[in-house]
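Notes for the one structure printed next.
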Amino acid sequence: MIQFNFLSKTFNVIIKVCLSLLGLVIAFLMFKEIWVLLSSFTTGFIDYSFYDIIDRILTFFLFLEFLELIIHYLSDNDHPTIKKYIYIAVASIVRLLISNHETSQLSLFLQCSAILVLIIGTVMLNLWGDLK
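Going by our numbering, the letters in the sequence shown line up with residues 446 to 577, in that order.
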């Protein structure tokens, strides 16, 4: 029993270290996106198209969501609920729908169907209880 407790604590420390490193990488990528957006504002959007700017803004907010998830896990020492993962999945698919302009109708239909399935799953979680 003592060995399992030691292993559990060791793995918990490893997870926290890895998540902290991942959080630092995501924070760096967020600041990189901010830097690119600010530099494009100062140059008058010469180097970037409208779609590039929108894509970078959406990427920034996805990084922000992942960073919030990591901070929530590290600060509360609790696992995030499945709803948070579903929200991030929906946001990621919506970002793909917005930023991918040359897509087939079948791909568009499948992406919208995936969003519908995720939303139905969220409604079912709200009706029948939250899984942790």
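Glycine residues also receive a C-beta, built at the ideal position from the N, C-alpha and C atoms.
Going by beta carbon distance, what residues of the same chain come within less than 8 Å of residue i, once the five residues before and after it are set aside?
i: S537; result: L507
i: K461; result: L519
i: I479; result: F505
i: L512; result: G468, I471, A472 and M475
Using DSSP with H/G/I as helix, E/B as strand and the rest coil, what is residue i?
i: Y493; result: coil
i: N552; result: Looking at the sequence shown, residue 552 is not Asn but Ser. S552 falls in the helix class under three-state DSSP.
i: G574; result: coil
i: T526; result: coil
i: E510; result: helix
i: N457; result: helix
i: H546; result: coil
Leaving out five residues before and five after residue i in sequence, what residues of the same chain have Cβ atoms less than 7 Å from its Cβ?
i: L467; result: I515
i: S485; result: D492, Y493 and I498
i: L503; result: R540, I543 and S544
i: Q556; result: I538, L541 and L542
Just mark residue i as buried or exposed, buried being the case when its beta carbon has 16 or more other beta carbons within 10 Å.
i: I471; result: buried
Among residues of its own chain, excluding the 5 on either side of residue i, which ones have a beta-carbon nearer than 6 Å to its beta-carbon?
i: I533; result: E510
| the region 539-555 / the region 564-575 touching (three or more Cβ pairs under 8 Å) | no
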